[in-house]
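Step one of this worksheet: look at the structure below.
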Amino acid sequence: MTEERTIEELLVEHGIRPTANRILIARSLSLAGRPMSMSELEYEIDSIDKSNIFRALTAFKKAHLVHTIEDGSDNVKYELCHSHDEHEHDNDLHAHFYCEKCHRTFCLENIPVPDVALPQGYNVVSTNFVIKGTCPDCSK
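Residue numbers for the sequence shown follow numbering that gives the first Met the number 0, so the first one is 0 and each next one is one higher.
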């Protein structure tokens, strides 16, 4: 998150009404600096119930404010997108790393998702590139 753009401005740019709950959820995702699951968000924000967190994340996804990562942990993770409005698809496709020991998922922003040449007639909707192993903290 750049200093010029506040969480409230980011929500408005994506066509999302900046309610107190939505601001808190988006701020938590921004401050985490890594994708978070629903349960991690629930733990982080104990003042908002699960259904309100889920509704906010659903609105965020529809407006291209977050994208989901399926890292194989049976938990969908949510990450803030770097798109600038509700009509722009996230163009920041990068790899993610899932630590099999601590079960956290990390962004590998400098590792782009490789292009895959699909057979004629196939259209890509999303790409999920996850590398699994042990993170630096758990490798010590």
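Just so it is clear, CB atoms sit at the ideal spot from N, CA and C, and this is done for glycine as well.
- Here the stretch 90 to 100 lies against the stretch 127 to 134, with 3 or more beta-carbon pairs under 8 angstroms apart.
- In this structure the stretch 27 to 43 touches the stretch 53 to 69; the number of beta carbon pairs closer than 8 angstroms is three or more.
- Taking 3 residues as the shortest admissible run, the stretch 51 to 81 contains the following complete beta strand (DSSP E) segments, listed from N- to C-terminal end: 65 to 69, 75 to 79.
- C-alpha of residue 25 to C-alpha of residue 137: approximately 28 angstroms in a straight line.
- The three-state secondary structure of residue 124, taken from DSSP, is coil.
- The alpha-carbon separation between residue 135 and residue 106 amounts to approximately 14 angstroms.
- Rounded to whole angstroms, residue 120 and residue 21 show a C-alpha spacing of 39 angstroms.
- Residue range 104 to 111 is occupied by the beta strand (DSSP E) that includes residue 107.
- By the criterion of a C-beta distance shorter than 8 angstroms, residue 104 is surrounded in its chain by 33, 34, 68, 70, 72, 76, 95, 96, 97, 98, 129, once the five residues flanking it on both sides are discounted.
- Taking C-beta separations shorter than 6 angstroms and ignoring five residues to either side along the sequence, residue 39 has no partners in its chain.
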